[in-house]
Amino acid sequence: MLQKAKDWIEKTIRHLDSEYGKLQLGRANPSLLEDIMVEVYGVKWPLKNSANVSVMDAQTLSIKAWDKSVMHNIEKAIADAGIGLTPQNTGESILIKIPPLTEERRRDIAKIAKKLLEDAKIGVRNARADSHKDIKKALEEKEISEDEEKNLQSELQKLVDEANKKVDEHFKNKEADIMKV
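The sequence shown begins at 1237 in our numbering and counts up one residue at a time.
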């Protein structure tokens, strides 16, 4: 009965980690670009489906399109994405220099990370609420006894407490990473 909540919580934590990976921290990271939509042959695709994004050094990303005819479209999509990165087309590849973060930008990114943490906590609460309803329904339909209901509620709360602790840890680690100069 708690498996649905466990699955939902695991998915929430994976999503949080995925979103944290996309935050620009002044270091080259391919996940910054992979979901940018690029027009290829009249259809919008994620960049990761039309080019290879690799790390050249700690501050530089290199993008090699699988078809050179879409290089300009990739360059335009990155420039228009509003993520503060300027692509440089070398003809063979597109280079992106990741600018170092200012203290103000670090604080802004920490605020974004905090919002992502709150979203994850909302996801955990929603999982708890859904499971709570399922347990109450099972009790009303006499599928479980009151003792089983109390045990399930207790297990559910332990699961939620562990999940909240885990997302808090992920946030603290990310915040330390963001504020590290």
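The C-beta atom is built at its ideal place from N, Cα and C for all residues, glycine as well. These figures come from a predicted structure and were not determined experimentally.
Nearest to residue i by alpha carbon, out of the options?
| i | options | result |
| --- | --- | --- |
| residue 1304 | 1316, 1287 and 1398 | 1287 |
| residue 1371 | 1342, 1247, 1325 and 1385 | 1385 |
| residue 1285 | 1274, 1292 and 1321 | 1274 |
| residue 1290 | 1266, 1338 and 1405 | 1266 |
| residue 1406 | 1317, 1352 and 1378 | 1352 |
| residue 1342 | 1374, 1412 and 1381 | 1412 |
Tell me whether the beta-carbon of residue i lies closer than 8 Å to the beta-carbon of residue j.
| i | j | result |
| --- | --- | --- |
| residue 1334 | residue 1314 | no |
| residue 1295 | residue 1264 | yes |
| residue 1330 | residue 1307 | yes |
| residue 1310 | residue 1299 | yes |
| residue 1395 | residue 1301 | no |
| residue 1269 | residue 1297 | yes |
| residue 1350 | residue 1403 | no |
What did DSSP end up calling residue i once you bin it into helix, strand or coil?
| i | result |
| --- | --- |
| residue 1265 | coil |
| residue 1380 | coil |
| residue 1415 | helix |
| residue 1392 | helix |
| residue 1244 | helix |
| residue 1305 | helix |
| residue 1333 | strand |
| residue 1275 | strand |
| residue 1249 | helix |
| residue 1310 | helix |
| residue 1238 | coil |
| residue 1280 | strand |
| residue 1319 | coil |
If we count the other Cβ atoms within 10 Å of its Cβ and call it buried at 16 or more, is residue i buried or exposed?
| i | result |
| --- | --- |
| residue 1327 | exposed |
| residue 1278 | exposed |
| residue 1410 | buried |
| residue 1364 | buried |
Among residues of its own chain, excluding the 5 on either side of residue i, which ones have a beta-carbon nearer than 8 Å to its beta-carbon?
| i | result |
| --- | --- |
| residue 1323 | 1299, 1310, 1311, 1314, 1315, 1330, 1331 and 1332 |
| residue 1368 | 1389 and 1392 |
| residue 1220 | In the structure displayed, the chain extends from 1237 to 1417; residue 1220 sits before or after that span and is not available. |
For residue i, which residues from the same chain have a beta carbon less than 6 Å from its beta carbon, with the 5 sequence-adjacent residues on both sides left out?
| i | result |
| --- | --- |
| residue 1345 | 1259 and 1414 |
| residue 1399 | 1245 and 1360 |
| residue 1380 | 1374 |
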